[in-house]
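Asker:
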Amino acid sequence: MRVAIIAPPYPLEEAPAPPLGITYVAAACEAAGAEVRIFDYIVSSYSEEKLRAQLAEFDPQVAGITSVTLNFFAAAEIISTVKRLNPRIVTMMGGPHVSFEAPAVLAAYPGIDIVVIGEGEATLQELLPLIDRPDQWEGVRGIAFRRDGRTVITSHRELIEDLDRIPLPARHLLSLSRYMALGYSVSIITSRGCPYNCIFCVGRRMVGNKVRLRSPALVVDEIEQILSYGISRINVADDLFVAKKSRVLTICAEIGKRGLKFDWSAFARVNTVDREILQAMRAAGCDAVSFGVESGNQEILDRIGKSITKDMVRQAVALCRETGIIPHTSFMVGLPGETRETLAETRAFAKSLGSLFGYHFLAPFPGTRIRERVCDYDLEILTDDWNRYDANSAIVRTRGLLPEELNEFVADYDEEIRLAWEEMVAGYKKTNSSQIDLQVRGQFRMRLVYRILVEDLIESFCIAAPADADEAAGEPGINELCQFIQGRTGVEYDLIEETIKSFCDCGYIRRRRDNGNLTWHWTVNRFDAKRG
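The numbering used here applies: residue 6 is where the sequence shown begins, and numbers increase by one.
In structure tokens form, the structure reads like this:
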């Protein structure tokens with residue numbers, strides 16, 4: 006059986022890591038005996054023509070796609086297009102959005118055959134052998150589908166208790182070189198589940214309120230595997246990495262025991278870190294920790310079930326600085342009971358911490374308590390346009406604040422950032438320090454790489470191969486490729502040349518002759534550069 010797993014477009018500005026959920030799903034399908042390919046439209050362009058060609062070349066029996074709320078519409082349209090292009094393909098969709106909206110999704114999108122609800126690994130391993138026997142689907146727990154004009158939702162599937170039984174993510178199916186070119190970290194999880202009760206969080210509903218732990222040795226085995234691809238930065242994406250202190254210390258000790266050298270970051274709660282944990286994490290290579298603080302008003306913190314105090318925040322941030330770890334704090338705008346006064350309190354508190362910080366807007370996702378029980382809170386949800394659920398603009402109001410006022414609050418912060426950036430750009434190669442110039446050039450390069458990826462500029466280039474071109478050496482094709490990219494982007498030539506030459510040096514891209522033409526392509530990872 007051939008299974009196509011589709012990673013739908015996701016804003017590169019949101020800095021997506023190589024998709025972790027997709028690679029877990031792909032590994033589960035491989036474990037069920039399927040041949041699997043990932044069609045990754047995060048770091049390449051999407052078009053119906055490209056999808057048609059990929060389907061024709063691979064000829065899958067099954068195609069699956071995932072999404073979060075903000076890219077649900079795009080994902081649903083892509084998987085519906087798969088069904089239209091080849092009606093015999095069984096189409097599936099999973100992820101947090103559809104897990105809580107399954108009947109509505111199946112009603113609105115007849116091109117979707119099956120919705121996978123919640124954790125998908127065990128479900129898929131049970132479902133795939135029965136995929137051509139729809140009369141037996143009802144016996145598979147954790148799915149929804151249509152039968153005789155009605156929606157069937159099968160019995161609930163329990164969460165996977167022993168996470169060590171789940172196959173390691175199939176990252177080998179991704180073009181990791183594309184993500185490495187962007188400089189993004191690779192995410193791993195060491196656990197699933199969170200015992201806390203934040204009313205805006207959908208993760209707890211997806212993975213449960215009991216923390217399920219992977220064995221430290223297996224976690225570090227996976228880290229070694231990631232490092233073997235030439236990746237040097239990892240992000241621990243657990244809902245609660247520091248759920249159990251002794252285990253965090255064991256993982257950090259195992260990293261040191263194996264002599265692994267890499268940089269990493271993690272998410273944490275301010276009430277679960279102490280000096281010993283942070284010192285151990287720093288010694289193992291952790292250089293940044295992100296804390297979700299959400300508000301500088303204690304009444305709001307209590308109302309949203311955060312179970313923290315402002316003193317806890319201050320202490321956690323101070324401990325990070327003392328142990329050499331960069332603290333990041335994030336705040337949420339538009340929470341129940343928000344007023345001008347609470348926003349001012351949040352602004353003052355955020356600035357007082359001395360940490361890097363930022364704001365995002367409340368997005369009441371399907372599956373969250375705040376959405377399902379909105380009448381219990383001082384909150385009105387203004388839209389179900391899922392495209393607006395990107396946390397970048399206000400989609401709620403409170404009794405005290407209109408959405409325009411919430412937007413204005415964040416716009417003031419964004420304006421400070423914009424003015425600081427414009428000052429840095431104005432001083433580029435003139436009055437800036439070398440360190441500031443490096444930051445500016447890094448941003449210019451990042452924007453260039455975005456365009457190279459999402460416009461498929463590497464793959465689009467093709468010229469007649471010079472008669473004396475030696476694929477293994479030197480310059481043939483590089484200057485022409487740089488000129489081509491400059492013509493498409495308008496970016497200064499020396500930045501393009503520096504970027505493309507670094508891609509070549511790192512093994513992210515390589516040249517090849519193709520029917521007398523000279524073309525370029527992305528490698529799967531930097532170590533397949535000689536294999537093609």
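A virtual CB, placed ideally from N, CA and C, is assigned to each residue, including glycine.
1. By a C-beta neighbour count over all protein chains shown, 10 Å radius and 16 as the cutoff for buried, is Lys262 buried or exposed?
2. Less than 9 Å separating the beta-carbons of Ala37 and Leu129?
3. If you reduce the DSSP assignment to three classes, tell me which class Gly116 lands in.
4. Got a sec? Which residues, its chain only, sit under 8 Å from Ile505 by beta carbon, not counting five neighbours each side?
5. Just to confirm before moving on: does the CB-CB distance between Thr277 and Leu245 stay below 9 Å?
6. Between the segment 461-472 and the segment 414-430, can you find at least three pairs of beta-carbon atoms closer than 8 Å?
7. Hey, could you find the ends of the alpha helix (DSSP H) Thr504 is sitting in?
8. Give the straight-line distance between the Cα atoms of Thr3 and Ser360, rounded to the nearest whole angstrom.
9. Can you tell me which of the three DSSP states Glu476 falls into?
10. Where does His161 sit, in a helix, a strand or coil, going by DSSP?
11. Could you please give the first and the last residue of the uninterrupted alpha helix (DSSP H) stretch that includes Asn484?
12. Pull up the CB-CB distance for Arg197 and Leu168, whole angstroms please, since I reckon it's below 8 Å.
13. From Val529 to Ile457, what does the alpha carbon distance come to, in whole angstroms?
14. Taking only three categories from DSSP, how would you classify Ala273?
15. DSSP on Val294, reduced to helix/strand/coil?
16. Classify Lys311: buried if its beta carbon has 16 or more other beta carbons within 10 angstroms, exposed otherwise.
17. Okay, do the segment 171-184 and the segment 143-154 touch, 3+ Cβ pairs below 8 Å being the bar?
18. Run through the segment 45-102 for me and flag every whole beta strand (DSSP E) of 3 or more residues, listed as ranges in chain order.
19. Could you tell me whether the Cβ of Thr159 comes closer than 9 Å to any Cβ of chain C?
20. Note down the Cα distance separating Tyr234 from Cys291, rounded to an integer number of angstroms.
21. What's the gap between the Cα of Arg217 and the Cα of Glu124?
22. What residue range does the beta strand (DSSP E) around Gly363 cover?
23. Using the Cα positions of Phe63 and Ile43, report the straight-line distance between them to the nearest angstrom.
24. Just the Cα atoms here: how many angstroms apart are Ser180 and Ile386?
25. Look at the Cβ atom of Ala242, then the Cβ atom of Ala22, and state whether they are nearer than 9 Å.
26. Thinking C-beta only, is Ile228 closer than 9 Å to Ala187?
27. Assign Met6 to one of three DSSP states: helix, strand, or coil.
28. By DSSP, does Glu299 sit in helix, in strand, or in coil?
29. Please state whether DSSP places Ser335 in a helix, a strand or coil.
30. Check Val207 in the structure and name its three-state DSSP category.
31. What is the DSSP secondary structure of Cys467, counted as helix, strand or coil?
32. Taking 9 Å as the threshold (C-beta atoms), are Thr74 and Trp391 in contact?
Answerer: Inspection of the coordinates gives the following:
1. When all chains shown are included, Lys262 counts as exposed.
2. Yes. Within cutoff.
3. Gly116: coil per DSSP, three-state reduction.
4. Cβ neighbours of Ile505 within its own chain (closer than 8 Å, five residues either side excluded): Ile483, Leu486, Cys487, Ile490 and Ile514.
5. Contact flag set, yes.
6. The segment 414-430 and the segment 461-472 do not touch, with fewer than 3 CB-CB distances between them shorter than 8 Å.
7. Tyr498 to Cys511 is the extent of the alpha helix (DSSP H) around Thr504.
8. This structure cannot speak to residue 3, because the chain is shown only from 6 to 537.
9. Bear in mind that the predicted position of Glu476 carries a pLDDT of just 48, short of 50, making it unreliable; the figure below should be weighed with that in mind. In the displayed model, Glu476 falls within coil according to three-state DSSP, outside both helix and strand.
10. Coil at His161, not helix or strand.
11. In the DSSP annotation of this structure, the continuous segment of the alpha helix (DSSP H) that includes Asn484 starts and ends at Ile483 to Thr494.
12. Right, their Cβ atoms sit about 6 Å apart.
13. C-alpha separation (whole angstroms): 16 Å.
14. Here Ala273 sits in strand by DSSP.
15. In the three-state reduction of the DSSP assignment, Val294 falls in the strand class.
16. With 16 or more Cβ atoms within 10 Å of its Cβ, Lys311 is classed as buried.
17. In short, these stretches do not touch, since the Cβ pair count stays below three.
18. As far as the segment 45-102 is concerned, its whole beta strand (DSSP E) runs of at least 3 residues are 67-71 and 95-99.
19. The structure shown has no chain C; it contains just one protein chain.
20. The alpha-carbon atoms of Tyr234 and Cys291 are separated by roughly 20 Å.
21. It is roughly 13 Å from the alpha-carbon of Arg217 to the alpha-carbon of Glu124.
22. Element bounds for Gly363: Leu361 to Phe366.
23. Cα to Cα, Phe63 sits roughly 11 Å from Ile43.
24. Approximately 39 Å, taken between the alpha carbons.
25. Taking 9 Å as the Cβ cut-off, Ala242 and Ala22 qualify as a contacting pair.
26. A quick correction: the sequence has Leu, not Ala, at residue 187. With respect to the 9 Å criterion, Leu187 and Ile228 are not classified as neighbours on the basis of their beta carbons.
27. If DSSP states are grouped into helix, strand and coil, Met6 belongs with coil.
28. In the structure shown, Glu299 sits in a strand (DSSP, three-state: E or B).
29. Looking at Ser335 - three-state DSSP - the assignment turns out to be strand.
30. Val207: coil per DSSP, three-state reduction.
31. In the three-state DSSP reduction, Cys467 falls in the strand class (E or B).
32. It is a contact, given that the beta carbons lie within the stated cut-off.
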